[in-house]
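If you read the sequences in order, they're chains A and B.
Here this note's numbering is used: the first residue of the first sequence is 231, the next is one more, and so on.
Here this note's numbering is used: the first residue of the second sequence is 231, the next is one more, and so on.
Glycine is no exception: its CB is placed at the ideal position from the N, C-alpha and C atoms.
The structure appears below as structure tokens.
There are 2 protein chains.
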Amino acid sequence: MQNFIFQNSVKIVFGKGQISKLSSLIDTNKKVMLLYGGGSIKRNGVYDQVMESLKNHTVVEFSGIEPNPQYGTLMRAVQMVRNEKVDFLLAVGGGSVLDGTKFISAATNFKGYAWDIIAKNAPLTGVTLPIGTIITLPATGSEMNANFVVTNEDTKEKLGMNKPEVLPQFSILDPEAIYSLPEKQVSNGIVDSFIHTTEQYLTYPDHGYLQDRQAEAILKTLIEIGPKYLKDKTNYELASNFMWCATNALNGNISVGMPQDWVTHMIGHELTALYGVDHGQSLAIVLPGVLEVKKEEKAEKLLQYAERVWDITEGTNEEKIDLAIQKTIDFFESLGVKTRLSDYNIDDSKFEMIRQRLTKRNMLLTGERKSFTPEDAVKVLELRK
Amino acid sequence: MQNFIFQNSVKIVFGKGQISKLSSLIDTNKKVMLLYGGGSIKRNGVYDQVMESLKNHTVVEFSGIEPNPQYGTLMRAVQMVRNEKVDFLLAVGGGSVLDGTKFISAATNFKGYAWDIIAKNAPLTGVTLPIGTIITLPATGSEMNANFVVTNEDTKEKLGMNKPEVLPQFSILDPEAIYSLPEKQVSNGIVDSFIHTTEQYLTYPDHGYLQDRQAEAILKTLIEIGPKYLKDKTNYELASNFMWCATNALNGNISVGMPQDWVTHMIGHELTALYGVDHGQSLAIVLPGVLEVKKEEKAEKLLQYAERVWDITEGTNEEKIDLAIQKTIDFFESLGVKTRLSDYNIDDSKFEMIRQRLTKRNMLLTGERKSFTPEDAVKVLELRK
């Protein structure tokens, strides 16, 4: 176990009816910008609950933050924040809205070219705006971390960043707010939460016995509830567990002192940026390939995964590992998320471009052992045709 | 799963050598009071590391905080804090030092009779002092929560309280700092961490599938590492896991939205207050009795505990539950912690007094179902003779 520093001060307000607490969570003297996406929050009633709770606040709105939030869109919001002298950002939506809002918070008082915050990890020179969130799509864990991923439509780049300054002050998690999600978003969210966990778990043993078991707790819960929840989307208890798993998968708890991988996300982001495939879908395609290409290096943890998460007791170690990878694929497919590039009509025409982009971004040696190369990324994609 | 609010902002600084970070964790303009116990921190080198790191701070010392910290001792510290105009409290030691420091923080600017903070949950009328901690005995989780337990030597009462205002700003966890602990303190600490977890887990099912598995993660890790660590107390990896389990057992994470019991602690505190038995020992005596007396009400979770934590697959449900309780007892005994009152030469002469005290303190119906009575406490003790 490596030395670590852990701090996560986000106030989680969890449960049915909790959106009504908004009025007490934001000072009434704050001018609030309500940020959201395409309008689903108007159809599912969340918008009305928010406006009712904030009836004594001054609220301006910015809507239209798209999936894989775009730099151009977010900079329009930044301009509006400046013009309207907004001093509190309330993000209501999925990970894209939350991530976009974090970027807006960081960019509003940033001196310089704001894309550098993402592309060059530029230090935040100005004060960030405080953020509250209401998450309506469990998946990214953005409600309890300081990560954000933004897409630059000009350069066709999708890149992630972490800035402690944009950690939300509070996040409201109301399981009833996710009842009306389309099936595809639910299944993508389950896959996303699952693979956030494997990125922090399927590496090499480093004596994090508790962290390992905490990661396995999330994986086993998702395997148990995922398919059930897809069939019963207004089941409060299943919705609650899905939501809480998604948050715990990426709130920093399971990774303290442990090696991390994140290669699946790195390649997945390229597939989304270049082919437009959903984030969850991209991960479901890539993960089995990464596990295959790095099977030897990950053997010990893969075996533990086979035995503890999938309860595989028969066979040689290699057979157990192969079966665990197959069961992972079957799990994603059982959720309706296809796992082959051909399922999405993706050909190999841009594999070389991906290799070049990773090389150019200096992703020469990545993964938990700093041994994963841009050439390995092509191998992974070849395996997932 | 019930609605919940969760927030834990403690900064955890974990690992070897981290005590040297103290100087950057406390502003140099703060006047620091270093609080500790009987001097073990001088023998194990922690005191020297602290003073080296704080060489540019003004530091006053208060030592002699005893196990089960006493109100009288703590009020002497309060007087010194006021006289010396201290503005930062650094607690270095085990749970008793940390708990006592929280009380000192709460009492310093409290208007009124300070024991009321504990006995009557009096609101904190004055500003509390900021706290940092260096934990040298993993057990209570005090380093990452706002709980504190204080003993009043006049009334022979040992009572607990929780005040968010006294949550530590930071806690340093250096596994090397626990190498020299006496065996008894290690085994008590393992038992304490284990039973903190069961108090939040062995209740009734409430659809907290992830919380259940997170609790099982701690229990299984303690079972795995506990006996090994006792035989190998300078093993860094085992020390790290013991330490991190103790923190996670009571940092609030596993109990969110879930029923809790705490009857074992309630009775255990009486045993410590009246007979002077160690806290960990008192819990090891009481828990098996509580599980026995409330076996029917806890049946579903006890069965889950048997199957998932102890991997018991054979027999009827009742047999599985009985075996799990026996394995729990065997585990404590394997750590060298005896589980019978007679092992500590405790007779039944004060059982009636315990019943009366619980009755007087209005502990008429407690536990996760509000069904545990003072008479049940006597039944538990009779079973553990």
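Can you check whether the CB of residue j is closer than 7 Å to the CB of residue i?
i      : j      : result
B:A554 : A:R443 : no
B:W474 : A:L440 : yes
A:V240 : A:M391 : no
A:A337 : A:D346 : no
B:W492 : B:E395 : no
B:T558 : B:V520 : no
B:R614 : B:I551 : no
B:S283 : B:S250 : yes
B:L264 : B:V289 : yes
B:I361 : B:L403 : no
A:Y505 : A:I576 : yes
B:F333 : B:V380 : yes
A:I408 : A:L513 : no
Output the boundary residues of the beta strand (DSSP E) element that contains residue i.
i      : result
A:T381 : N377 to N382
A:L264 : K261 to L265
A:K531 : Run containing A:K531: none in the beta strand (DSSP E); it sits in the alpha helix (DSSP H), A529 to Q534.
B:I365 : I361 to I365
B:M391 : E387 to N392
B:I242 : F234 to F244
B:S401 : F400 to L403
Counting only Cβ pairs nearer than 8 Å, list the residues of chain A close to residue i.
i      : result
B:F236 : K241, I242 and F244
B:N233 : F244, G245, K246, G247 and Q248
B:A376 : Simply none; closest approach about 14 Å.
In terms of residue numbering, what span does the alpha helix (DSSP H) encompassing residue i cover?
i      : result
A:V421 : E413 to E429
B:F602 : Premise fails: B:F602 is in no alpha helix (DSSP H) and is neither H nor E.
B:L452 : Y439 to K461
B:L588 : F581 to K590
B:S470 : Y466 to A479
A:I551 : N547 to S564
A:S270 : S270 to R273
B:S283 : V276 to S283
B:E502 : Sequence inspection shows Thr at residue 502 of chain B; the Glu mentioned does not correspond to that position. Segment V493 to Y505, the alpha helix (DSSP H) holding B:T502.
B:G519 : H509 to V523
B:L252 : L252 to L255
B:I348 : W345 to A349
For residue i, does the count of other Cβ atoms within 10 angstroms reach 16, so buried, or fall short, so exposed?
i      : result
B:Q248 : buried
A:L571 : buried
B:S417 : buried
B:L595 : exposed
A:M583 : exposed
A:Y343 : exposed
A:E387 : buried
B:V357 : exposed
B:E500 : buried
A:T331 : buried
A:E549 : exposed
A:S579 : exposed
B:T370 : buried
B:P412 : exposed
B:Q511 : buried
A:S254 : exposed
A:R585 : buried
A:T464 : exposed
Quick one: which chain B residues come within Cβ less than 9 Å of residue i?
i      : result
A:N259 : None at all; the shortest Cβ gap to chain B is about 22 Å.
A:A336 : Near A:A336 there are no residues of chain B at all, since even the closest Cβ is about 21 Å away, more than 9 Å.
A:E530 : What A:E530 touches in chain B: nothing, since even the nearest Cβ is about 15 Å away.
Starting from the beta carbon of residue i, find every residue of chain A whose beta carbon is closer than 7 Å, and list them in chain order.
i      : result
B:Y439 : T451, E454, I455 and N471
B:E467 : M231 and H437
B:Q444 : Q444 and A447
I want to verify the contact list: residues of chain B whose CB lies under 8 Å from the CB of residue i, in sequence order.
i      : result
A:M310 : The contacting residues do not exist; A:M310 stays about 30 Å from chain B at best.
At a CB-CB cut-off below 9 Å, which residues of chain C make contact with residue i?
i      : result
A:G487 : Chain labels in this structure do not include chain C; the protein chains are A and B.
List, in order along the chain, the chain B residues whose C-beta lies closer than 7 Å to that of residue i?
i      : result
A:G478 : Going by the sequence as given, residue 478 of chain A is Asn instead of Gly. Per Cβ cutoff of 7 Å: L440.
Report the residue ranges of all beta strand (DSSP E) runs contained in full by the segment 290-332 of chain A; include only those spanning at least 3 residues, in chain order. Counting only runs of 3 or more, we get 318-323.
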